[in-house]
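There are 2 protein chains.
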Amino acid sequence: MPDADTTPAGGDADGPPASVRRAVQQSMERLSNSERKVARALLAGYPGSGLTTVADLAAAAGVSPPTVIRFTARLGYDGYPQLQRAIVHEVNEGMGSPLAQYGDTRRSEGEEVLDHAVRTIQSSLERSFSELSSWDFKRVVRLLSDESREIRVVGGRFSRLLADYLSSHLHLLRGRVQLMSEPGLERLAAIADAGPSTLLVVFDYRRYDEAVGQFAVDMKSRGSSVVLLTDNWLSPVAKIADVVLTSRVEAPSPFDSLVPAMALTEALIAALTDAVGDRGRERLERLEAFDPQARHLEDQA
Amino acid sequence: MPDADTTPAGGDADGPPASVRRAVQQSMERLSNSERKVARALLAGYPGSGLTTVADLAAAAGVSPPTVIRFTARLGYDGYPQLQRAIVHEVNEGMGSPLAQYGDTRRSEGEEVLDHAVRTIQSSLERSFSELSSWDFKRVVRLLSDESREIRVVGGRFSRLLADYLSSHLHLLRGRVQLMSEPGLERLAAIADAGPSTLLVVFDYRRYDEAVGQFAVDMKSRGSSVVLLTDNWLSPVAKIADVVLTSRVEAPSPFDSLVPAMALTEALIAALTDAVGDRGRERLERLEAFDPQARHLEDQA
DNA sequence: GCTGACCTGAAACAGATAGTTCAGAACGCT
DNA sequence: AGCGTTCTGAACTATCTGTTTCAGGTCAGC
Numbered sequence: 004m005p006d007a008d009t010t011p012a013g014g015d016a017d018g019p020p021a022s023v024r025r026a027v028q029q030s031m032e033r034l035s036n037s038e039r040k041v042a043r044a045l046l047a048g049y050p051g052s053g054l055t056t057v058a059d060l061a062a063a064a065g066v067s068p069p070t071v072i073r074f075t076a077r078l079g080y081d082g083y084p085q086l087q088r089a090i091v092h093e094v095n096e097g098m099g100s101p102l103a104q105y106g107d108t109r110r111s112e113g114e115e116v117l118d119h120a121v122r123t124i125q126s127s128l129e130r131s132f133s134e135l136s137s138w139d140f141k142r143v144v145r146l147l148s149d150e151s152r153e154i155r156v157v158g159g160r161f162s163r164l165l166a167d168y169l170s171s172h173l174h175l176l177r178g179r180v181q182l183m184s185e186p187g188l189e190r191l192a193a194i195a196d197a198g199p200s201t202l203l204v205v206f207d208y209r210r211y212d213e214a215v216g217q218f219a220v221d222m223k224s225r226g227s228s229v230v231l232l233t234d235n236w237l238s239p240v241a242k243i244a245d246v247v248l249t250s251r252v253e254a255p256s257p258f259d260s261l262v263p264a265m266a267l268t269e270a271l272i273a274a275l276t277d278a279v280g281d282r283g284r285e286r287l288e289r290l291e292a293f294d295p296q297a298r299h300l301e302d303q304a
Numbered sequence: 004m005p006d007a008d009t010t011p012a013g014g015d016a017d018g019p020p021a022s023v024r025r026a027v028q029q030s031m032e033r034l035s036n037s038e039r040k041v042a043r044a045l046l047a048g049y050p051g052s053g054l055t056t057v058a059d060l061a062a063a064a065g066v067s068p069p070t071v072i073r074f075t076a077r078l079g080y081d082g083y084p085q086l087q088r089a090i091v092h093e094v095n096e097g098m099g100s101p102l103a104q105y106g107d108t109r110r111s112e113g114e115e116v117l118d119h120a121v122r123t124i125q126s127s128l129e130r131s132f133s134e135l136s137s138w139d140f141k142r143v144v145r146l147l148s149d150e151s152r153e154i155r156v157v158g159g160r161f162s163r164l165l166a167d168y169l170s171s172h173l174h175l176l177r178g179r180v181q182l183m184s185e186p187g188l189e190r191l192a193a194i195a196d197a198g199p200s201t202l203l204v205v206f207d208y209r210r211y212d213e214a215v216g217q218f219a220v221d222m223k224s225r226g227s228s229v230v231l232l233t234d235n236w237l238s239p240v241a242k243i244a245d246v247v248l249t250s251r252v253e254a255p256s257p258f259d260s261l262v263p264a265m266a267l268t269e270a271l272i273a274a275l276t277d278a279v280g281d282r283g284r285e286r287l288e289r290l291e292a293f294d295p296q297a298r299h300l301e302d303q304a
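Residue numbers (my numbering), protein chains in the order written: chain F, 4 to 304; chain E, 4 to 304.
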């Protein structure tokens, strides 16, 4: 049993590095409420938060310094400096290794489900993007950034959330955008007003929404362009759509996943932000002038 | 672009990261013999050697502490702690996500933006899950699956979509769920009715919603349990929350990303489906009897 | 071989740091 | 309710930190 330098709570005497991160996660249960806050703060800003002083970490966690000390003691370290050394050690080894953290052992219920969920979601996402046609993607971006067009956005039972999400961002970046949340008069009016300069964005994922499908058909018949975001099984709207972007829906549960679709939506927003450039930025600033709570541009320093 | 925090000897105002390592290498010539020993020791054990004490680094280099101090001064830092901070900063970037590398290079508009978006989103997602405490996750699942509890779900400007998403699924799996979509009488009534058997689920991501925060505080003061889903910068609600689940919000655009948060939500739903087991399945079947369009269980063959 | 400039480290110093003590608070358990 | 246990932070302290001071040492140049 050599190397008794940095393996306190790692436990099983097998893992050579015994990541501090995992040690913390495993010890979660044994901790008190405030100590758990420390654990969360440590993981949230890892590893930087563990390389500052006790006082700093305590402040970040919203607890007092003694709690941090007790936290380190409970993990099995002789003191805060020793925990720091362990982190430094780890940083020295890894300095970039991304997914070394996923172990193999599984027992407790929740963990298995979570692990499975993570992998399912990630592979769905990966696959979705790898199957995405970048040419279609660009076409959609061009359509969305064309301010001479009137945009309507609509979605189905769950995908209405994405329709909402997209239109909210569109509002921030350009004018002439409308979300068609409910069936009814609003949609009828939209059909009546539709023409060649109208752009309808449809989110339709299983199970496909009949009302949305009919609405798309009607809009199309009035000359509107139609962009469809759907799953890989293709909504019936695909038949009449001008551009189709698909995403996978494989989920860790019996329900479908919207994560890849949302990722696609965010990618569209990113590309659109890039496309509208200064024009959109000006609009954002104008909007912010009226809404002190929205300062979306200051995120990236 | 000042930010005179960590860019002393980077010098030429060109290098984007101004790596400490590179700063040292460039300054080699200007150093004295002993100082150069320090430089070599620092680079040899980088970054760990720079995260210890002055005395340690001096010993590793075979020189006296003052020499280390003079070394840091010669590099342009105000003191050893400042150099340390610069290194920590660097480590923080490099360790987690490979976000740092996508600085500037772009040619073909749509495609590169898309590529960048994909990578950003995926790394955010990966990082979020790696930082997730599975213990907290399990606690939330347990709370959500406890049918003796009355559940209230609320969200902020954008995260209301996730609140909606979660509550929609909760409705399918169990009873006594209510989405608090708008401020107003509905929320007041919820506060009045709240008690120890109430569970409030709060989605609060930057920019944090004051109304939601106040609502959470009020609910908590009435004895309700509070589960918070937030970003890694922690909503103020974290102070009073019983459990906190964080996700990253780094996005390919100036806006924040909700993809990791949605993935987390879906993981919760998956685990919850598992937890409620047959009871939830029966409920689903009962619901389907009244809604021929919802057949969520047939997805996985 | 003397003089000046420049390194270099021992010793001393001021300030910050981790860790301890203790009293009050919160909690769970009959 | 009342008890004992556990948790938590304010105040304190001993220690270690980075830094400055200063004297000894090295070397080049006429």
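Every residue gets a Cβ at the ideal spot worked out from N, C-alpha and C, and that includes glycine.
Cβ-based neighbour list, residue i, same chain, cut-off 6 Å, excluding 5 preceding and 5 following
i, result
"glycine 198(F)", "Gly226"
"lysine 223(E)", "Val229 and Ile243"
"phenylalanine 206(F)", "Gly158, Ser162, Leu165, Ala166 and Leu232"
"proline 263(F)", "Ser127, Leu128, Ser131, Ser250 and Arg251"
"valine 180(F)", "Ile154, Ser170, Leu173 and His174"
"alanine 214(E)", "Pro186"
"valine 240(E)", "Val205, Asp207, Gly216, Ala219 and Leu231"
"glycine 82(E)", "none"
"isoleucine 272(E)", "His172"
"leucine 86(E)", "Thr75 and Tyr80"
"serine 238(F)", "Asp207 and Tyr211"
Cβ-Cβ distance between residue i and residue j below 8 Å
i, j, result
"serine 148(F)", "leucine 117(E)", "no"
"valine 143(E)", "leucine 248(E)", "yes"
"phenylalanine 74(F)", "valine 23(F)", "no"
"proline 257(F)", "histidine 119(F)", "no"
"glycine 283(F)", "asparagine 95(E)", "no"
"glutamate 253(E)", "threonine 123(E)", "yes"
"arginine 77(F)", "arginine 33(F)", "yes"
"leucine 275(F)", "leucine 176(F)", "yes"
"arginine 160(F)", "aspartate 212(F)", "yes"
"threonine 70(E)", "glutamate 38(E)", "yes"
"valine 246(E)", "aspartate 139(E)", "yes"
Between the CA atoms of residue j and residue i - distance to the nearest angstrom
i, j, result
"histidine 210(F)", "tryptophan 236(F)", "Looking at the sequence itself, residue 210(F) is arginine, so the reference to histidine does not match. Those two C-alpha atoms are separated by around 10 Å."
"tyrosine 80(F)", "glycine 48(E)", "23 Å"
"glutamate 285(E)", "arginine 155(E)", "23 Å"
"serine 200(F)", "leucine 182(E)", "37 Å"
"aspartate 294(E)", "alanine 44(F)", "45 Å"
"leucine 54(F)", "leucine 202(E)", "36 Å"
"histidine 92(E)", "valine 279(E)", "44 Å"
"glutamine 125(E)", "glutamine 125(F)", "8 Å"
"alanine 266(F)", "alanine 63(E)", "48 Å"
"serine 35(F)", "isoleucine 72(F)", "13 Å"
"aspartate 259(E)", "aspartate 281(F)", "19 Å"
"leucine 146(E)", "glycine 178(F)", "43 Å"
Residues near residue i in its chain [Cβ-Cβ closer than 7 Å; skip 5 each side]
i, result
"aspartate 221(F)", "Ile194"
"leucine 46(E)", "Arg24 and Val27"
Contacts around residue i, its chain only, beta-carbon distance under 8 Å, and the 5 residues preceding and following it disregarded
i, result
"proline 68(E)", "Val57, Ala58 and Ala61"
"serine 151(F)", "Ser200"
"tyrosine 168(F)", "Met265 and Thr268"
heavy atom of the ligand NAD below 7 Å from residue i C-beta
i, result
"alanine 44(F)", "By its list of ligands, the structure shown contains no ligand whatsoever, and the ligand NAD lies outside what it can speak to."
Which residues, in chain order, does the stretch 119-130 of chain F contribute to contact with chain E at a C-beta distance below 9 Å?
His119, Ala120, Val121, Thr123, Ile124, Gln125, Leu128 and Glu129
Can you list, in chain order, the residues of the stretch 244-257 of chain E whose Cβ is nearer than 7 Å to any Cβ on chain F?
Val247, Thr249, Ala254, Pro255, Ser256 and Pro257
The stretch 180-190 of chain F / the stretch 277-294 of chain F touching (three or more Cβ pairs under 8 Å):
no
Closer than 9 Å, Cβ to Cβ, to anything on chain E: give me those residues from the stretch 39-50 of chain F, in chain order.
Arg39, Lys40, Ala42, Arg43, Ala44, Leu46, Ala47, Gly48, Tyr49 and Pro50
Could you run through the stretch 173-184 of chain E and flag, in chain order, every residue whose CB is less than 7 Å away from some CB of chain F?
none
Chain-ordered residues of the stretch 263-293 of chain E with a beta carbon less than 7 Å from chain F
Met265, Ala266, Glu269, Ala270, Ile272, Ala273, Ala274, Thr276 and Asp277
Which residues, in order along the stretch 55-84 of chain F, keep a beta-carbon less than 8 Å from a beta-carbon of chain E?
Thr55 and Gly65
Given a limit of 7 Å on CB to CB distance, which residues of the stretch 205-219 of chain F reach chain E?
Arg210
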